[in-house]
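Q:
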Amino acid sequence: MSSPNTPPGGQPPYSQYDPKTQWRIYREQQKAAWRAQREAWKAQHHAWKANYIGAYGPRVPSVVGPVILIGIGIVALLIATGNISGADFWAWYGRWWPVLLIAAGLALLAEWALDMRREVPVRRGGSFVGILILLAFIGLGAAGWNNWWGPLRAEWGNQGDDFFNAFGLPEHDFDQPVLNTQVPANAAVTIQDPRGDVSITEGDTPTVQVQAHEVAYASSDANAKKIFDSEAAHVTVSGNAVLVRSDSNNSGRLNLAIVVPRNAQVTVNASKGDVTAAGLGAGINVTAPHGDVHLNSIAGPVQAHFSKGEFSAHEIQGDVTGDGPCSDMTVSEITGKVSLNCEYFDELHIEHVNGPVEFRTSKTEVDLAALPGDLTLTDSDLHVTEAKGNVRVVTHSRDIELDQIYGDSYVETRDGNISVAPAGAYNVDAKNDSGKGDVEIALEPNAQATVDGRTRNGDIVSDFPLAISGDESKTVSGKIGAGGPKITLSTDVGDLRIKRGSAFPPAPPAPSVGAMPKSPTPPPNAPHLKAPKTPPAQPVTQ
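Letter 245 of the sequence shown, counting from 1, is numbered 277 in this note's numbering, and no numbers are missing.
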């Protein structure tokens with residue numbers, strides 16, 4: 033009903049206008065407009081989606097994502113259960129992570145090939161791409177960790193527990209009473225020392241003698257005694273097995289000086305400490321993840337597992353096997369085979385090996401039939417002098433020099449120079465086909481050989497009458513003398529040089545290693561051998 037003051041069909045007077053009512057009406061009108069617009073957008077989106085699916089097919093997930101997650105779960109489970117080493121896995125993954133991208137790409141190609149056979153096309157989901165990018169960054173990080181953190185850790189990480197005594201607690205020392213334990217003949221002795229150095233020598237009696245020097249970092253004598261009691265050495269004999277064991281204590285370390293029967297089989301696990309051994313008669317198996325290993329005058333096989341520090345083995349009557357990264361390595365006077373599979377950060381030196389020599393790193397492979405002379409490997413050079421039998425060297429970013437080689441040679445590098453001097457009528461295959469570097473061979477004055485060489489961007493120089501042709505890409509071929517062993521030389525960007533060298537003496541006999549000394553002596557102070565660290569002092573028995 034209209035107000036009496038409102039004319040028919042007219043608006044109420046201004047004095048009766050209600051702003052709240054007017055705002056409520058306006059808001060309801062806006063909401064209705066937005067709802068209509070939203071419904072129109074939905075209808076338009078559904079129509080576009082229907083047209084898109086009709087043209088390109090429905091969206092289906094890819095199998096690559098779930099497979100990656102399953103693989104990550106399996107690896108995590110194996111590491112958590114101890115079936116594989118976490119450090120070894122990350123070292124492997126840092127090298128081979130690009131294979132993951134290749135495998136994912138191949139899987140996507142396979143799915144695409146299957147989708148092409150469908151009557152209705154489909155679109156594969158790409159939600160796993162973020163996971164691949166993350167795994168790629170992790171792979172780059174693992175590679176950087178192995179290439180950069182390893183050398184820093186090798187340089188600064190071998191400080192013992194003193195380095196980690198951040199609170200500067202006083203050091204307490206205690207000499208545990210000597211343990212003399214009767215053991216069976218030809219006992220198998222296992223030594224476990226989580227923190228501390230281990231020194232092992234041979235004895236003439238069927239006993240295991242343990243001298244333990246304990247170190248504790250504690251604020252009081254009472255706290256130090258608790259540490260001494262927890263890390264004290266124990267000897268347990270069970271049949272033919274002998275266990276020398278110490279429990280770990282993060283606030284101390286235990287240095288062991290152990291005498292074992294000469295014919296005892298020795299296994300050492302020193303988690304954080306150096307290992308020295310001399311005069312053993314049945315070989316040794318050493319695991320030293322955070323310390324140096326120095327072995328001298330040992331009969332029997334030597335096995336070493338390490339992840340940093342120095343390694344030296346001198347006068348070993350048996351095979352020498354080593355694996356793991358190593359800051360510096362010296363191996364000499366070996367009657368058996370030398371097999372090293374490791375990353376190194378400083379220098380490798382091997383000399384006087386009767387048996388084969390095998391060396392593997394991520395970028396270098398070396399195989400020698402025997403090494404009467406020596407081999408030196410640094411970050412930029414590989415030098416072999418006086419090797420017998422076939423020689424195979426494959427590497428990159430290193431210069432290679434093979435001198436006085438009594439056998440066939442195969443040499444391959446990238447971005448490095450090659451120099452080969454065969455000591456007789458032997459085949460030589462030297463190539464640098466994917467990088468920069470010169471290739472040089474020095475033949476004896478009366479050499480008999482058949483030469484075939486080429487360079488794409490370089491010169492060819494020969495001291496022998498050989499046919500050289502070409503302009504930018506040059507070749508050299510022909511016979512030296514009456515011909516004979518095949519000399520094959522090639523480089524991409526570099527020069528070829530065929531030189532007239534000097535004559536070499538006949539092949540040397542196999543090197544001999546003298547009889548093992550009854551009392552072990554340290555390695556001689558030869559220039560090529562780096563002196564081991566001084567072993568822990570013999571503790572005074574209390």
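Beta carbons are placed, not taken as given, at the ideal position from N, Cα and C, and that holds for glycine.
Mark G171 as exposed unless 16 or more other C-beta atoms lie within 10 angstroms of its C-beta, in which case mark it buried.
A: Its Cβ being crowded by 16 or more others within 10 Å, G171 is buried.
Q: With H, G and I counted as helix, E and B as strand and the rest as coil, what does DSSP make of A198?
A: Bear in mind that a pLDDT of 41 at A198, under 50, signals an unreliable position, so the number given afterwards is only what the model happens to contain. Correct three-state label for A198: coil.
Q: Of the choices S466, A457 and T487, whose alpha-carbon is the least far from that of P538?
A: The shortest C-alpha separation from P538 is found at A457.
Q: Can you grab the Cα-Cα spacing for the pair A186 / L380, in whole Å?
A: Low local confidence applies: a pLDDT of 37 at A186 is under 50, so the model's placement there is unreliable, with the coordinate-based value given in what follows. C-alpha separation (whole angstroms): 15 Å.
Q: Rounded to a whole number of angstroms, what is the C-alpha to C-alpha distance between E504 and V425?
A: Rounded to whole angstroms, E504 to V425 spans 29 Å at the Cα level.
Q: Would you mind reading off the limits of the beta strand (DSSP E) that contains D225?
A: Residues A220 to R227.
Q: Near D50, which residues of its chain fall below 7 Å by C-beta distance, leaving aside the five closest residues on each side in sequence?
A: Once the five neighbours on either side are set aside, D50 has no close Cβ partner at all.
Q: Below 8 Å between beta carbons: does that hold for P216 and S278?
A: It is not a contact, given that the beta carbons lie outside the stated cut-off.
Q: At a cut of 8 Å, does the region 491-503 reach the region 463-470 through at least three beta carbon pairs?
A: The answer is no - the region 463-470 does not touch the region 491-503, with fewer than three Cβ pairs under 8 Å.
Q: Rank L110, V443 and E472 by C-alpha distance to the C-alpha of G533 and give the top, closest one.
A: Closest option to G533, Cα to Cα, is E472.
Q: Going by Cα to Cα distance, which pick from A331, P321 and N386 is closest to G354?
A: With distances taken between Cα atoms, G354 lies closest to P321.
Q: Note the first and the last residue of the continuous alpha helix (DSSP H) segment covering N255.
A: Element bounds for N255: D253 to E263.
Q: Any idea if N282 is buried or exposed, counting beta-carbon neighbours within 10 angstroms, 16 or more meaning buried?
A: With fewer than 16 other Cβ atoms within 10 Å, it is exposed.
Q: Terminal residues of the continuous alpha helix (DSSP H) containing V452?
A: Note, V452: premise wrong, no alpha helix (DSSP H); beta strand (DSSP E) at I450 to P454.
Q: Give the straight-line distance between the Cα atoms of Q208 and T233, rounded to the nearest whole angstrom.
A: If I take the Cα positions, the gap works out to 19 Å.
Q: Given Y46, which residues of its chain have a CB within under 7 Å of its CB, disregarding the five upstream and five downstream residues?
A: For Y46, the predicted structure reports a pLDDT of 48, less than 50, and the residue's modelled location is therefore unreliable. A value from the coordinates is still provided. If we look at Y46 and ignore the five residues flanking it on each side, it has no Cβ neighbours.
Q: Check the DSSP bridge columns for Q214 and list the partner residues they point to.
A: Q214 pairs with T239.
Q: Along the chain, where does the alpha helix (DSSP H) that runs through V99 open and close?
A: V96 to A112 is the extent of the alpha helix (DSSP H) around V99.
Q: From the DSSP output, read off the bridge partner residues of V292.
A: Paired residue(s): E234.
Q: Out of curiosity, what's the CA-to-CA distance linking V131 and K468?
A: Distance between the alpha carbons of V131 and K468: 27 Å.
Q: Among N218, Q54 and A265, which one has its Cα closest to the Cα of G228?
A: Out of N218, Q54 and A265, A265 has the C-alpha closest to the C-alpha of G228.
Q: Any idea if F206 is buried or exposed, counting beta-carbon neighbours within 10 angstroms, 16 or more meaning buried?
A: The residue is buried, with at least 16 neighbouring Cβ atoms inside 10 Å.
Q: Just curious, the beta strand (DSSP E) that K395 is in, first and last residue?
A: Per DSSP, K395 belongs to no beta strand (DSSP E) and is neither H nor E.
Q: Tell me, please, whether the CB atom of A112 is closer than 8 Å to any CB atom in chain C?
A: No chain C is part of this structure, which consists of one protein chain only.
Q: Helix, strand or coil for A462 per DSSP?
A: In the structure shown, A462 sits in a strand (DSSP, three-state: E or B).
Q: For a test of the three-state rule: what should DSSP assign to E71, helix, strand or coil?
A: Correct three-state label for E71: helix.
Q: Could you tell me the alpha carbon to alpha carbon distance between N316 and V267, rounded to whole angstroms?
A: Per the sequence shown, residue 316 should be read as Ile rather than Asn. Spanning the two alpha carbons is a distance of roughly 19 Å.
Q: Count the other CB atoms, across all protein chains shown, that sit within 10 Å of the CB of K63; report buried if there are 16 or more and exposed otherwise.
A: Counting Cβ neighbours within 10 Å, K63 comes out exposed, since fewer than 16 surround it.
Q: For D351, collect the residues of the same chain with a Cβ closer than 6 Å to its Cβ; drop the 5 residues on either side in sequence, then sort them by chain order.
A: Cβ neighbours of D351 beyond the five flanking positions: P333, G368 and K369.
Q: Roughly how many whole angstroms lie between the Cα atoms of A145 and R446?
A: Their Cα atoms are separated by approximately 37 Å.
Q: How about D491 and D527: are their beta carbons less than 8 Å apart?
A: Against a cut-off of 8 Å, the Cβ pair of D527 and D491 comes out as a contact.
Q: Rounded to whole angstroms, what is the Cα-Cα separation between N295 and Q243?
A: The alpha-carbon atoms of N295 and Q243 are separated by roughly 20 Å.
Q: For the beta strand (DSSP E) that contains C358, what are its first and last residues?
A: Here the beta strand (DSSP E) through C358 covers C358 to I366.
Q: Please state whether the Cβ-Cβ distance between T299 and I223 is less than 8 Å.
A: Contact flag set, yes.
Q: With distance defined between alpha-carbon atoms, name the residue in V318, F338, K340 and S344 nearest to N328.
A: Residue S344 is the option with its Cα nearest to N328.
Q: Under 8 Å between the Cβ atoms of L434 and A455?
A: No, these two residues do not count as a Cβ contact at 8 Å.
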